[in-house]
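The next block holds one structure in the form of structure tokens; read it before the comments.
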Amino acid sequence: MAQTAAHADTQQHPIKLYLVVWGWLFILSTCSYLVDYFNLEGTLRYSLILLFMMLKAGLIVAVFMHLAWERLALSYTILVPVGAVLVFVGIMAYEADYTFLTRLEFFAPGP
Amino acid sequence: MLNRTRVQSGEPPKALVGWQGVAADLSSDQRAFKNVSWGKAMMWIFLLSDTFIFSCFLIAYMTVRMSTTVPWPNPSEVFALTIGGVHLPLILIAIMTFVLISSSGTMAMAVNFGYRRERVKTAALLMLTAILGAAFVGMQAFEWTKLIHEGVRPWSNPWGAHQFGSAFFMITGFHGTHVTFGVIFLLITARKVWRGEFDREARGFFTTRKGNYESVEIMGLYWHFVDLVWVFIFAFFYLW
């Protein structure tokens, strides 16, 4: 009974949707590759890498993994903890920066 | 008993949308994820924990790369190949990316055909996904062999910061292991679909629960996650 009820609304979407997303993933991957191929540098390079990465990740999670059609309670349970990872990234970036400065100081030629 | 199951899987009133709906779902008795089966919910929770594992690897990589005073090897050159006399930067990694994305596409279509109960198409697409996954692992093995021959070790490499090798082997090795296990489970799922075990609801040898095409979707969640992790590895390790 529970099984039947749970599968009453299975994920049914037209095949075309998946093909379109597939195509976009190809285009975005090509764009990321071209960033390296054309040797873009500095802020432009990093922002483009991050932009294409987030778009690809979003498409995969939302459409391929069907998170866009799940109930909000599940989506938030999965997506909110990822914020903790970003905090961790921030903490470790500060820490790495400090280690780098300490090493510069330590390895610097003496007076 | 019947009454209880109906209450468990029952939908909260339609009026509760947005945050109120989330609060109602999460505070409801026994079953928080209303229209999601336990198998799917547990796969999502597992994937969340796996996200943390890969995050820790990538954060560790960020930390060693930011804190080293020795220049980091240029991945664009390290992973370049000369094909037919043309020097192409990062080409193998680009091909691997396209192969993995294609396998995600075939997986998504396998899930779709599974819910339409088209047994043969589902099995064929699952097999195709497994073949693409195996091709990915093969190319990764080629890449590892090439780098090891060039003298890359977890503790040293010819081009710069020693941490490059340890980060590379740890991150791509863990990801490759995920792909390998994915391929094994894809083959198992494809065999089940091919034999019609989800059509006649045959009981699983391990769980003894009735077979269902939702297994294909749960398998798909794992496989798309492996592709998702590669998106981040590609951006942060290879392109950065």
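Residue numbers (the numbering used here), protein chains in the order written: chain A, 195 to 305; chain B, -6 to 233. C-beta atoms are modelled at their ideal positions from N, C-alpha and C, and glycine is treated no differently. In this text, all values refer to a predicted model and were calculated from it rather than measured experimentally.
Review point. Using 8 angstroms as the limit for Cβ to Cβ distance, is A:I221 near chain B?
Key: no
Review point. What whole-angstrom Cβ distance do B:D18 and B:S97 have, given they're in contact under 8 angstroms?
Key: Wrong, their Cβ atoms sit about 29 angstroms apart, outside the cutoff.
**Study point:** Under 9 angstroms from the C-beta of B:L19: neighbouring residues of chain A
**Key:** A267, Y270 and T271
Point to revise | B:T173 - DSSP class collapsed to helix/strand/coil | key: Three-state result, B:T173: helix.
Point to revise | Residue interval of the alpha helix (DSSP H) (run including A:I254) | key: Looking at the DSSP string, A:I254 is not in any alpha helix (DSSP H), and its letter there is neither H nor E.
Check your understanding: Which one or two residues does DSSP pair with B:I76 in a beta bridge?
Key -> Its beta-bridge partners are B:V79.
Check your understanding: Does the Cβ-Cβ distance between B:N205 and B:F191 come in under 8 angstroms?
Key -> Against a cut-off of 8 angstroms, the Cβ pair of B:F191 and B:N205 comes out as a contact.
Review point. Whole-angstrom Cβ separation of B:G169 and B:V130, contact assumed at under 8 angstroms?
Key: 6 angstroms
Practice item. Compare the C-beta of A:K210 against all C-beta atoms of chain B and say whether one is closer than 8 angstroms. Key: no
**Study point:** Cα-Cα separation, B:F50 to B:R196
**Key:** 38 angstroms
Practice item. List the residues of chain A whose Cβ lies closer than 7 angstroms to the Cβ of B:G98, in chain order. Key: Y212 and W216
Exercise for review: Take A:H260 and list the residues in its own chain whose beta-carbon comes closer than 6 angstroms to its own, dropping the five residues that flank it on each side.
Suggested key: Q205
Practice item. Going by CA-CA distance only, name the one from B:G144, B:F91, B:R24 and B:A103 that's closest to B:L214. Key: B:A103
**Study point:** Against chain B: residues of the segment 228 to 240 of chain A by CB proximity under 7 angstroms
**Key:** Cβ contacts with chain B: V229, D230 and Y231.
Point to revise | Closest Cα partner of A:I221 within the set B:N67, B:V15 and B:T90 | key: B:T90
Check your understanding: Does A:A200 come within less than 8 angstroms of chain B when only Cβ atoms are used?
Key -> Only weak support exists for where A:A200 lies, its pLDDT of 40 falling under 50; the coordinates are left without a value.
Check your understanding: Of all the residues that make up the segment 272 to 289 of chain A, which are near chain B by a beta-carbon distance shorter than 8 angstroms?
Key -> I272, P275, V276, V279, F282, V283, M286, A287 and E289
Check your understanding: When the Cα atoms are used, what is the spatial distance from B:W12 to A:I272?
Key -> When only Cα atoms are considered, B:W12 and A:I272 end up about 15 angstroms apart.
Point to revise | Residue ranges of each alpha helix (DSSP H) within the segment 62 to 130 of chain B, 4 or longer | key: 68 to 71 and 84 to 108
Point to revise | A:R265 (DSSP reduced to helix, strand or coil) | key: coil
**Study point:** Neighbourhood of A:H201 by C-beta, 8 angstroms cutoff - its chain only, sequence neighbours within 5 removed
**Key:** At A:H201, the pLDDT of 45 sits below 50, so the modelled position is not reliable; the number obtained from the coordinates is stated separately. Answer for A:H201: no residue qualifies.
Review point. Can you name, in chain order, every residue of its own chain whose Cβ lies under 8 angstroms from the Cβ of A:I285, other than the five neighbours on each side?
Key: none
Check your understanding: By Cβ distance, which residues of its chain are closer than 6 angstroms to B:G32, with the 5 residues on each side in sequence left out?
Key -> I211
Exercise for review: Using a threshold of 8 angstroms, state whether the C-beta atoms of B:V172 and A:A251 are closer than that.
Suggested key: Not closer than 8 angstroms, so no.
Exercise for review: Apply the 10 Å Cβ neighbour rule to B:T99 and answer buried if 16 or more other Cβ atoms are within range, or exposed otherwise.
Suggested key: Looking at its Cβ environment, which holds 16 or more other Cβ atoms inside 10 Å, B:T99 is buried.
Point to revise | Cross-strand partners of B:R146 (DSSP beta bridge) | key: B:S149
Practice item. Tell me B:K27's beta-bridge partners as DSSP assigns them. Key: DSSP output for B:K27 lists no bridge partner at all.
**Study point:** According to DSSP, residues forming a beta bridge with B:K203
**Key:** DSSP output for B:K203 lists B:R196 as bridge partner(s).
Review point. When DSSP labels each residue in this structure, what does B:V10 get in the three-state scheme?
Key: coil
Practice item. Report yes if the C-beta distance between A:S223 and B:I124 is below 8 angstroms; otherwise report no. Key: no
Check your understanding: Under 8 angstroms between C-beta atoms, does B:V0 make it to chain A?
Key -> Because the pLDDT of B:V0 is 46, which lies under 50, any placement of that residue in the model is unreliable, and the number read from its coordinates should be weighed accordingly. No, no contact with chain A.
Check your understanding: Among the residues of its own chain, which have a CB less than 6 angstroms from the CB of B:A183, if the five just before and after it don't count?
Key -> A116, L119 and M120
Practice item. Identify, in the order they occur along the chain, each residue of the same chain with its Cβ nearer than 6 angstroms to the Cβ of B:W233, setting aside the five sequence neighbours on each side. Key: none
Check your understanding: Nearest-angstrom Cα distance between A:R265 and B:N28?
Key -> Distance between the alpha carbons of A:R265 and B:N28: 8 angstroms.
Exercise for review: Out of A:L238, A:V276, A:A290 and A:Y240, state which residue places its alpha-carbon closest to the alpha-carbon of B:T61.
Suggested key: A:A290
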